[in-house]
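Colleague: With positions in the sequence shown counted from 1, the corresponding number in the numbering used here is that position plus 219. There's a structure below that I have some questions on.
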Amino acid sequence: MENFISVIKSDVVVEVVNLVKATLEHADELKGIVHEHIKNNKIKIVVDLSKCEFVDSTFLSALITSLKAIVATGGNLRLVAATNDVNLMLESTGMVKVFDIYDSAHKAVESFNTV
């Protein structure tokens, strides 16, 4: 089973996190994938956490690092958080002020078209 699955929708990359627990073990892999997308000029990225029930602080840090790298190139990164546990974690850590968060990948992808 792959930990991350990339799906291209128009000019947006949806990076599906295919993990129940997104942790330290997978943080560097995510950063590497995002940097590859940036290198290939794919700077509109949605990280889909809908399969995750838990995201640790190290993985969250990798998301923040990825967001900073993308914004520096003129792009943006959106999150999909469909589970209550992940939403609660994002709210309690203040990440709702840092990321644009959606309840579906479709809505997150569409948000790039309304900007």
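The beta-carbon is built from N, C-alpha and C at its ideal position, and this holds for glycine as well.
#1: From Glu244, Val231, Asn237, pick the residue whose C-alpha is nearest to that of serine 280; which is it?
#2: If we count the other Cβ atoms within 10 Å of its Cβ and call it buried at 16 or more, is isoleucine 262 buried or exposed?
#3: For asparagine 307, count neighbouring C-beta atoms within 10 Å of its own C-beta (all shown protein chains included) and say buried if the count is 16 or more, exposed if not.
#4: So aspartate 322 packs on alanine 301, CB below 8 Å; how close in whole Å?
#5: Within the continuous alpha helix (DSSP H) that includes aspartate 304, where are the two ends?
#6: Comparing alpha-carbon positions, which option in Val226, Val232, Cys271 lies nearest isoleucine 257?
#7: Work out the CA separation of aspartate 247 and leucine 286 for me, nearest whole Å.
#8: Who are leucine 296's beta bridge partners in DSSP?
#9: Determine the extent of the beta strand (DSSP E) in which serine 269 is found, giving its start and end residues.
#10: Expressed to the nearest angstrom, what Euclidean distance is found between the alpha-carbon atoms of valine 226 and glycine 251?
Modeller: With the structure as the only source:
#1: Glu244
#2: buried
#3: According to the sequence shown, residue 307 is leucine rather than asparagine. Label assigned to leucine 307: exposed.
#4: 6 Å
#5: 303–311
#6: Val232
#7: 14 Å
#8: Ile264
#9: Element bounds for serine 269: n/a, residue is neither H nor E.
#10: 16 Å
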